[in-house]
Every structure is written in structure tokens, then in C-alpha cells.
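Q:
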Amino acid sequence: MGQKQSKDELLYQQVNDGNIEGIKSLFREGAGLEWVDKELKTPLIVACMNPELNHVAKTLIELGANLNAYRPGRHAGTPLHHAAKIGLEQTVKLLLSHGANALMMNDDCQTPLDVARVKGHSNVVRAIESHICLFSGWLRELYGPDFLEEFVPQLLSRKVWVVVLPRGSRNLTESSKFELAIYSNSQVAQPRTIIALWKAYVEESKFNQPNPSVIISYNSIRRWRRRRGILSSREARCKPRGARQTRIKLAPESERDKQQLQRFCNACKGIPQALHPTFPFNTQAPFVPATVPSTAEDIELAMAISASLQSAMEERPPLLDSHPSYGEHCIPPVGLIL
1 MGQKQSKDEL
11 LYQQVNDGNI
21 EGIKSLFREG
31 AGLEWVDKEL
41 KTPLIVACMN
51 PELNHVAKTL
61 IELGANLNAY
71 RPGRHAGTPL
81 HHAAKIGLEQ
91 TVKLLLSHGA
101 NALMMNDDCQ
111 TPLDVARVKG
121 HSNVVRAIES
131 HICLFSGWLR
141 ELYGPDFLEE
151 FVPQLLSRKV
161 WVVVLPRGSR
171 NLTESSKFEL
181 AIYSNSQVAQ
191 PRTIIALWKA
201 YVEESKFNQP
211 NPSVIISYNS
221 IRRWRRRRGI
231 LSSREARCKP
241 RGARQTRIKL
251 APESERDKQQ
261 LQRFCNACKG
271 IPQALHPTFP
281 FNTQAPFVPA
291 TVPSTAEDIE
301 LAMAISASLQ
311 SAMEERPPLL
321 DSHPSYGEHC
331 IPPVGLIL
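Anchor point for the sequence shown: position 225 equals 225 in UniProt numbering, and the numbering is continuous, going up by one each time.
1) DSSP on phenylalanine 207, reduced to helix/strand/coil?
2) Using the C-alpha atoms, what's the distance from isoleucine 132 back to serine 308?
3) State yes or no: is the C-beta of phenylalanine 264 within less than 8 Å of the C-beta of phenylalanine 135?
4) Got a sec, what are the start and stop residues for the beta strand (DSSP E) proline 166 sits in?
5) Given this structure, state the Cα-to-Cα distance separating isoleucine 215 from arginine 74, to the nearest angstrom.
6) Beta strand (DSSP E) containing glutamate 62: first to last residue?
7) In this structure, does DSSP put glutamine 273 in helix, strand or coil?
8) Less than 8 Å between CB atoms is the rule here; does arginine 263 satisfy it with respect to chain B?
9) Run the CB neighbour count on valine 334, radius 10 Å, all protein chains shown included, and call it buried at 16 or more, exposed below.
10) Mind pulling the alpha helix (DSSP H) runs of 4 or more residues that sit fully within the segment 54-137?
11) Which of helix, strand or coil does DSSP assign to glutamate 141?
12) So, helix, strand or coil for proline 252, using DSSP?
13) Which term fits glutamine 14, buried or exposed, when burial requires 16 or more other beta carbons within 10 angstroms of its beta carbon?
14) When we look at the beta-carbon of aspartate 114 and count the other beta-carbons within 10 Å, is it buried (16 or more) or exposed?
15) Mind checking who asparagine 169 pairs with in its DSSP beta bridge?
16) Does the beta-carbon of glycine 30 have 16 or more other beta-carbons within 10 angstroms, so that it is buried, or is it exposed?
17) Would you be able to state if there are at least three C-beta pairs under 8 Å between the segment 78-85 and the segment 35-55?
18) Taking only the alpha-carbon atoms, compute the straight-line gap between glycine 137 and tryptophan 35 and give it to the nearest angstrom.
19) Once you ignore the five residues that flank phenylalanine 123 on each side, which residues in its own chain have a CB closer than 8 Å to its CB?
20) With a 10 Å radius around its C-beta and 16 neighbouring C-beta atoms as the bar for buried, classify arginine 244 as buried or exposed.
21) Return helix, strand or coil for arginine 192, following the three-state DSSP convention.
22) Residues in its own chain within less than 7 Å of isoleucine 20 by CB, not counting five upstream and five downstream?
23) For the ligand NAD, is there any heavy atom lying closer than 7 Å to the beta carbon of leucine 156?
24) Given this structure, state the Cα-to-Cα distance separating leucine 10 from lysine 93, to the nearest angstrom.
25) Using C-beta distances below 6 Å, list every residue in its chain close to leucine 180, excluding the 5 sequence neighbours before and after it, in chain order.
26) Take the Cβ of tyrosine 218 as the centre, count every other Cβ of all protein chains shown within 10 Å, and call the residue buried at 16 or more, exposed below.
27) Looking at aspartate 17: is its Cβ nearer than 8 Å to the Cβ of proline 72?
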């Protein structure tokens with residue numbers, strides 16, 4: 001038993017040295033891949049914290065290392081948490097491509113995406129979001145009075161990068177919940193606004209109209225400010241926060257791209273974009289009856305697409321938590337608007 005443990009520790013040391021052949025040799029001799037050091041880091045976590053050990057992380061994963069090995073404590077979590085914290089985009093993509101759970105929360109109640117946002121790693125944020133999102137793309141936010149939008153919609157709008165994605169959770173029994181993240185552009189890490197879609201009301205206009213749009217209404221927290229001569233400092237500090245009704249109106253990036261807005265609306269209802277290869281839920285596309293007789297070529301193409309989708313869903317490792325929401329004792333990351 002003692003000799004086996006020493007082999008495990010020796011393999012851990014080979015990871016620090018970046019010695020792939022030494023790792024493989026010890027593994028063939030029976031060394032384990034989950035030895036933890038005094039800081040509770042596994043070999044894979046160590047590899048995912050060093051930009052020069054991406055090839056070592058790949059080797060450990062191929063040998064069967066636990067992708068979701070959990071390190072307790074502050075600022076810790078899974079290998080994906082650690083890679084996201086440091087901003088290692090290639091390591092993050094490696095972990096995600098092999099089935100790492102992007103929705104797990106650490107002891108700080110943060111998912112890897114939350115960690116990457118706080119640290120400002122926009123490339124990692126985009127990598128994780130593209131892997132788990134139901135929708136991502138450009139839309140126009142309309143912010144002028146309704147009567148002016150009829151005449152000058154382009155002058156009273158701004159382009160925003162919009163992402164609809166599931167929330168992470170520590171509670172495995174809750175139903176799926178989704179959030180809407182709105183960024184000023186696609187190069188920033190921190191969203192300007194995050195809306196809990198399960199608490200919001202989504203109102204769609206008719207898509208056959210000239211200028212279709214979607215209005216999202218939700219309650220945001222009003223932060224009271226002290227004003228000289230109105231409230232004393234103590235009164236201002238003790239005054240409770242109130243909720244106010246907030247509306248966001250979104251339209252297609254261009255007038256001709258109404259399908260983009262339709263895909264966004266579907267995502268808000270929990271329906272992913274068509275043929276999303278990395279969506280982590282086992283959902284099935286609705287059946288649409290054909291309006292014209294199908295040719296042999298059409299049937300063959302449909303069968304091939306169906307087989308590919310089924311294969312992708314079966315081969316993808318299941319996520320540990322497929323019911324995203326904030327846990328009972330978790331504090332949402334900075335910037336979340338409920």
C-alpha cells in the first residue's frame with residue numbers, strides 16, 4: 001500500500017516536471033492519477049494551472065484522470081475553475097472538449113464562467129459561453145421612445161452582444177434555469193447586464209411585421225444614493241433597497257435578419273440554436289412534417305443529420321448538474337441583476 005502511494009506521489013512529481021514519458025511509465029506500473037498534495041491539488045489541477053503543461057493535461061485526461069476532481073476551499077474548485085482563473089484558453093477548451101462540467105460551482109458559489117468574468121479573461125469567457133450557450137450573437141438594443149423608433153430606429157439603438165445560457169448550481173434537484181447576459185461588445189469579459197430569465201417576462205412582437213422586437217421586463221434592485229439635504233448619512237445607509245420594473249427592448253441586428261431574433265426568442269424559452277454541437281442537454285428537435293414529397297437524396301441527408309445528432313448526444317459525457325440555478329446559500333457574482 002505504501003509503495004503504491006509513493007508511486008502516486010512520484011507521478012504527481014513527474015507532472016510538475018512535465019515528463020510525459022515518466023507519467024505514462026508510472027501509470028503502466030499501477031500509479032494512480034488522483035494523488036493530492038498538501039494544498040489538495042490533483043495532478044490534473046496542477047497541469048491546468050500552468051500554461052506550459054497543456055500537453056501534460058492532455059496526457060492525464062487520455063489516461064483517465066478525473067476531469068471534475070473537486071478541490072475544496074476558497075478560490076478553488078475543479079480543473080476547469082483553475083484554468084479559467086488563470087486565463088488558459090487552450091486548457092479550458094481541452095477540458096470542455098473532453099466533457100468537463102462547466103456548470104459546477106466551487107465553494108465561492110462561482111462557476112468557471114463566473115471566475116473568468118471576474119478575472120477579466122474575455123477569451124476564456126467566450127470559449128465557455130460558446131460551449132454551453134443556447135444562443136449567442138449580435139442584436140440591437142432599442143432605447144428611445146416608442147413613437148420615435150417608428151421613424152429613426154437605427155439612431156436610437158446600439159449593437160450589443162447577447163448570450164443565453166444555463167445557470168450553474170449546487171442543487172441537483174431544481175429544474176433548469178437560464179440567464180441572459182448582455183455585453184457592450186464581444187471583446188469584454190464582464191456583461192453589462194445579467195437577467196434571470198426565470199424571473200422575467202418576455203414579450204414577442206409578430207415576426208411578420210416590418211420591425212419585429214422583443215421586450216424583456218424584469219425587476220432590478222434599486223440602489224439608493226445619499227443626497228445632501230435630503231437624507232442623513234445614517235438614513236441613507238439604513239434605507240432599504242427597492243425593486244423597480246426594468247425593460248429591455250431588442251431587435252435584429254439588421255432589418256432583414258428576423259431569424260436571428262427568432263432564434264434568440266427560442267433560446268429564452270430553453271430551445272437551443274439549431275445544430276448546436278456542444279449544447280449540454282439531451283434535447284430533441286421538434287418534428288416538422290414535410291410540405292412536399294421527399295426525394296431519395298433528401299431522405300438520405302435527413303437520416304445522416306439525425307444519426308450525427310444522436311451520436312453527438314450519446315457520446316457526450318453527462319454533466320454533473322443539468323439543473324442550473326443559484327443554490328440556497330450561494331451569493332450571485334458581481335453584476336447579476338435579479
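Glycine included, C-beta positions come from ideal geometry on N, C-alpha and C.
A: So, to answer that:
1) As a first step, residue 207 must be located in the sequence shown, where it is residue number 207. Phenylalanine 207: coil per DSSP, three-state reduction.
2) Against the sequence shown, residue 308 aligns to sequence position 308. Against the sequence shown, residue 132 aligns to sequence position 132. With a pLDDT of only 49 at serine 308, under the threshold of 50, the placement of this residue in the model should not be trusted; the figure read from the coordinates follows. Each residue's alpha carbon lies about 19 Å from the other.
3) Here residue 264 refers to the residue found at position 264 when the sequence shown is read from its first residue. Here residue 135 refers to the residue found at position 135 when the sequence shown is read from its first residue. Yes, they are a contact pair.
4) Counting from 1 along the sequence shown, the entry for residue 166 is found at position 166. Counting along the chain, the unbroken beta strand (DSSP E) around proline 166 starts and ends at 157-166.
5) By one-based count along the sequence shown, residue 215 stands at place 215. By one-based count along the sequence shown, residue 74 stands at place 74. Using only the alpha carbons, I get a separation of about 39 Å.
6) The residue you call residue 62 lines up with position 62 of the sequence shown. Careful: glutamate 62 lies outside any beta strand (DSSP E), inside the alpha helix (DSSP H) at 54-63.
7) Here the question's residue 273 lines up with position 273 in the sequence shown. It is coil, neither helix nor strand.
8) The structure shown contains no chain B; it holds only a single protein chain.
9) Within the sequence shown, residue 334 is the residue found at index 334, counting from 1. At valine 334, the pLDDT of 42 sits below 50, so the modelled position is not reliable; the number obtained from the coordinates is stated separately. It counts as exposed.
10) Unbroken alpha helix (DSSP H) runs of no fewer than 4 residues, entirely contained in the segment 54-137, are found at 54-63, 79-86, 89-97, 112-119 and 122-132, following chain order.
11) Looking up residue 141 in the sequence shown gives position 141. It is a strand residue.
12) As a working note, residue 252 is residue 252 in the sequence shown. Of the three classes helix, strand and coil, the one that applies to proline 252 here is strand, per DSSP.
13) The count along the sequence shown starts at 1 and reaches residue 14 at position 14. Burial call: buried.
14) Numbered from its first residue, the sequence shown carries residue 114 at position 114. Looking at its Cβ environment, which holds 16 or more other Cβ atoms inside 10 Å, aspartate 114 is buried.
15) Your numbering for residue 169 matches position 169 in the sequence shown. It should be noted that the sequence gives serine, not asparagine, for residue 169. Met104, per the DSSP bridge assignment.
16) As a position in the sequence shown, residue 30 is number 30, starting the count at 1. Label assigned to glycine 30: exposed.
17) yes
18) The count along the sequence shown starts at 1 and reaches residue 137 at position 137. The count along the sequence shown starts at 1 and reaches residue 35 at position 35. Distance between the alpha carbons of glycine 137 and tryptophan 35: 42 Å.
19) Position 123 of the sequence shown, counted from the first residue, corresponds to residue 123. First, the residue type needs correcting, since residue 123 is asparagine and not phenylalanine in the sequence shown. Once the five neighbours on either side are set aside, the close Cβ partners of asparagine 123 are Gly87 and Glu89.
20) Residue numbering aside, residue 244 sits at position 244 when the sequence shown is read from its first letter. By the 10 Å Cβ count, arginine 244 comes out exposed.
21) Walking along the sequence shown from the start, residue 192 turns up at place 192. The answer is coil: DSSP assigns arginine 192 none of H, G, I, E or B.
22) The sequence position of residue 20 within the sequence shown is 20, counting from 1. Counting only Cβ-Cβ distances below 7 Å, and skipping sequence neighbours, we find His55, Val56 and Thr59.
23) Questions concerning the ligand NAD fall outside what the structure shown contains, since it holds no ligand whatsoever.
24) The residue given as residue 10 occupies position 10 in the sequence shown. The residue given as residue 93 occupies position 93 in the sequence shown. So the alpha carbons of these two residues sit roughly 28 Å apart.
25) As a working mapping, residue 180 is identified with position 180 in the sequence shown. Contacts found: Val164, Ile195 and Leu197.
26) If you number the sequence shown from 1, residue 218 lands on position 218. The residue is buried, with at least 16 neighbouring Cβ atoms inside 10 Å.
27) Here the question's residue 17 lines up with position 17 in the sequence shown. Here the question's residue 72 lines up with position 72 in the sequence shown. No.
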